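Keeping their order, the protein sequence lines are chains A and B.
Using the numbering used here, read the first sequence as starting at 1 and increasing by one per residue.
Using the numbering used here, read the second sequence as starting at 163 and increasing by one per residue.
Beta carbons are placed, not taken as given, at the ideal position from N, Cα and C, and that holds for glycine.
Since the model is a prediction, treat every value here as computed from it, not as a measurement.
Here the structure comes first, spelled out in structure tokens, and everything after it is commentary.
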Amino acid sequence: MSAPTAPTALTALTKDGLLLPVPDDDGAPFWSYAAAGELRVQACAGCGTRRFPPRPCCPRCQSFDTEWQRMSGRGRIWSYVIAHPPLLPGYARTAPYDVLVVELADDPAIRLVGNLVAAPDAPLGSVPAARLRIGAPVKAVFPVLGEGENRVTVVRWMLERP
Amino acid sequence: MKDATAIVGIGQTPFAKQLPESEKTLACRAILAALDDAGIAPHEVDAFASYTMEETDEVEVAKAIGAGDVTFFSKVGYGGGGSCATVAHLAAAIATGQATVGVAWRSRKRGSGARPWKNTTVQLPTPAQWTRPFGLLRPADEIGMLARRYMHEYGATRDHLFNVALACRNRANQNPAAMMYERPLTREMYMTARWISEPLCLFDNCLETDGALACVLVSADRARDCRRRPVYVHAAAQGLPAQHHGMVNYWNDDPLRGPAWTAAQQLWKHADFCPQDVDVAQIYDAFTVLIPLSLEGYGFCGRGEGAAFTEGGALEIGGRLPLNTSGGGLSEAYVHGFNLITEGVRQLRGTSTAQVPDAATCLVTAGEGVPTSALLLRS
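Here is the structure:
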């Protein structure tokens, strides 16, 4: 399957001062699929091995042929931190907030950094820190960050059992 | 390369939150102090090594100090992971005849200058696109993530991390050059400190320091004629493990098995002694949790046993493995780990302010959690 064109995100900050992802060539398809509400992971079209972060060729068989496999969007919290200032101003305003690493249910070796949110469009830190625990099941949500031409869809997470 | 070269000179500037002089001036002061310590004239220097993050380059330093014709120069990447590799590159160059007198240095105004994570424009697209938008901004956040997982998997506690912070602080309290010389640390201070990136609190993080350090390397033959007792480079290694991702090492089968393991394998392969024979260790401590991870990686204990290793005063003077005896990055100065190299040299000269009696072997490590390097020094 050919990947859709990458969204453009030339400005690095939202108006609230949050960093927008600045995709590279290898990562661009991930963000495009996210914009369509799909969580997809790069895999080798030759041997089928999934890899993250995306890269030009397969570290197992060295093939440059890639495909993007759709994941269920379900996962578990692998680890997390609660960030406190000093932080960039946009992040300091919402601190303390959590940052997660989530392992995907479809492939626990694939892990994504994200945040736990109370609703798809809820802000950073919207779930009380006491609710977090390693192993908790979560599901992907796809909020849009940024404004105008700088809109980028990112992947965040909600508790399966809030 | 074993014992073929020796560190014969060390030098440093004061360490402070803010020093008035430029990084270039500080670099020159540290290098000239190291050459004076060695009893070697600046015009004899023909090799330089530093970090890619070092902002004073060879051209500027060489012409300022009055170096001669330079035939070897090298810079090592990955921040604090490159510290020991600067010495390793010089050792290799001298052992293979590419140069005769090498200078390694680091000069940094991290105390008064910008915090690198505050400059969003210098973030590389990979892996920043996968982490920064979610507020994983600082090394403390990135390593904090691994720390939480480590605590979860192996039952490590904040008391274990405190053991590390306390050992470093206790040594700094013996070292008049240390930024924390007159600042004792208590368990209550640690347990009630503000969070930086939970589970890491203020005292789990290294200092922010202005300062510079340098050392001088020559061949073992020449070292015998120098002013000070030579400290031999017994073994050296760099480490970039397969499928490693730097400080955000979340994307392989075993994220807690860091570059220390790779460097250690190479290091011990070429050494005449083993971890149990190490008298004193200078282990890179940008964060307390790097110590248990490194203790495991360098083979001082088994996998998952690094936290328990710190119990019972093991890291104090008189313990199983006296650690960071000048105070380390946590309590002496954070200059990308170069002060760990110079303290290793002092221990083997017998001139540390927290001297381990009869220390004859020392492990020095560079930043764990990034592509790293390590040295085994012996007297």
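Please classify V451 (chain B) as buried or exposed, where buried requires at least 16 other C-beta atoms within 10 Å of its C-beta.
Flag for V451 (chain B) reads buried.
Quick check on W423 (chain B): does DSSP put it in helix, strand or coil?
Reduced to three states, the DSSP call for W423 (chain B) is helix.
If we cut at 9 angstroms on Cβ distances, does I358 (chain B) have a partner in chain A?
Closer than 9 angstroms to some Cβ of chain A, the Cβ of I358 (chain B) qualifies, so yes.
Using a Cβ-Cβ cut-off of less than 8 angstroms, give me the residues of the stretch 102 to 121 of chain A that come near chain B, in sequence order.
Those residues of the stretch 102 to 121 of chain A that come within reach of chain B (Cβ to Cβ, closer than 8 angstroms) are A109, I110, R111, L112, V113, G114 and N115.
For the 8 angstroms Cβ check, are there 3 or more pairs between the stretch 508 to 526 of chain B and the stretch 433 to 447 of chain B?
Contact holds: three or more Cβ-Cβ distances are below 8 angstroms.
For a contact defined as C-beta to C-beta under 9 angstroms, what are the partners of M307 (chain B) on chain A?
What M307 (chain B) touches in chain A: W78, S79, Y80, V81, V99, L100, V101 and V113.
Below 7 angstroms on C-beta distance, what does G37 (chain A) contact in chain B?
By Cβ distance, chain B contributes nothing, its closest Cβ being about 17 angstroms from G37 (chain A), past 7 angstroms.
Evaluate F210 (chain B) with the Cβ neighbour count: other Cβ atoms within 10 Å of its Cβ, from every protein chain shown; 16 or more gives buried, anything less gives exposed.
Buried, since its Cβ has 16 or more Cβ neighbours within 10 Å.
Could you tell me how far apart the beta carbons of R356 (chain B) and L364 (chain B) are, in whole angstroms, since I believe they sit closer than 8 angstroms?
Going by Cβ atoms, the distance from R356 (chain B) to L364 (chain B) rounds to 5 angstroms, so yes, they are a contact pair.
Provide the residue span of the alpha helix (DSSP H) that contains G306 (chain B), from first to last.
Residues P301 to Y316.
Look at the Cβ atom of T515 (chain B), then the Cβ atom of P289 (chain B), and state whether they are nearer than 9 angstroms.
Not a contact, by the Cβ cut-off of 9 angstroms.
Who are the Cβ neighbours of L477 (chain B) in its own chain at under 6 angstroms, not counting the five residues just before and after it?
Closer than 6 angstroms at Cβ, skipping near neighbours: A329 and L485.
For the alpha helix (DSSP H) that K225 (chain B) lies in, which residues bound it at each end?
First-last of the alpha helix (DSSP H) with K225 (chain B): E220 to I227.
Check the C-beta distance from L19 (chain A) over to P295 (chain B) and give it rounded, since I have them as a contact under 8 angstroms.
Sure, about 5 angstroms apart at Cβ, within 8 angstroms.
Specify the secondary structure class of D372 (chain B) as computed by DSSP and reduced to three states.
Note: D372 (chain B) maps to strand in three-state DSSP.
Give the straight-line distance between the Cα atoms of R386 (chain B) and A255 (chain B), rounded to the nearest whole angstrom.
R386 (chain B) and A255 (chain B): Cα-Cα distance of roughly 19 angstroms.
What does F52 (chain A) touch in chain B if you count any residue whose Cβ is under 7 angstroms from its own?
W413, listed in chain order.
Buried or exposed: where does E344 (chain B) fall if 16 or more other Cβ atoms within 10 Å of its Cβ makes it buried?
Answer is exposed; the Cβ neighbour count stays below 16.
Strictly below 9 angstroms CB to CB, what residues from chain B border V144 (chain A)?
The premise fails here: V144 (chain A) is roughly 12 angstroms from chain B at the closest Cβ pair, so nothing lies under 9 angstroms.
Pull up the CB-CB distance for L539 (chain B) and V393 (chain B), whole angstroms please, since I reckon it's below 8 angstroms.
Indeed, because the Cβ distance is near 5 angstroms, the residues count as touching under 8 angstroms.
CA-CA distance, C57 (chain A) and R51 (chain A)?
Cα to Cα, the separation comes out at about 10 angstroms.
Measuring alpha carbon to alpha carbon, tell me which residue in A:L13, A:A12 and A:V41 is nearest D26 (chain A).
Checked all of A:L13, A:A12 and A:V41; the closest Cα to D26 (chain A) is A:V41.
If you draw a straight line from the C-alpha of G474 (chain B) to the C-alpha of R349 (chain B), how long is it?
Computed Cα separation, rounded: 15 angstroms.
Regarding N367 (chain B) and the ligand ADP, is the C-beta to nearest heavy atom distance less than 8 angstroms?
Among the components modelled here there is no ligand, and therefore nothing to report on the ligand ADP.
Is there a C-beta anywhere in chain B that falls below 9 angstroms from the one on W31 (chain A)?
Chain B, which has a Cβ nearer than 9 angstroms to the Cβ of W31 (chain A), makes this yes.
Just to confirm, are A318 (chain B) and Y352 (chain B) a CB contact at a threshold of 9 angstroms?
Their beta carbons are not under 9 angstroms apart, which means A318 (chain B) does not touch Y352 (chain B) by this criterion.
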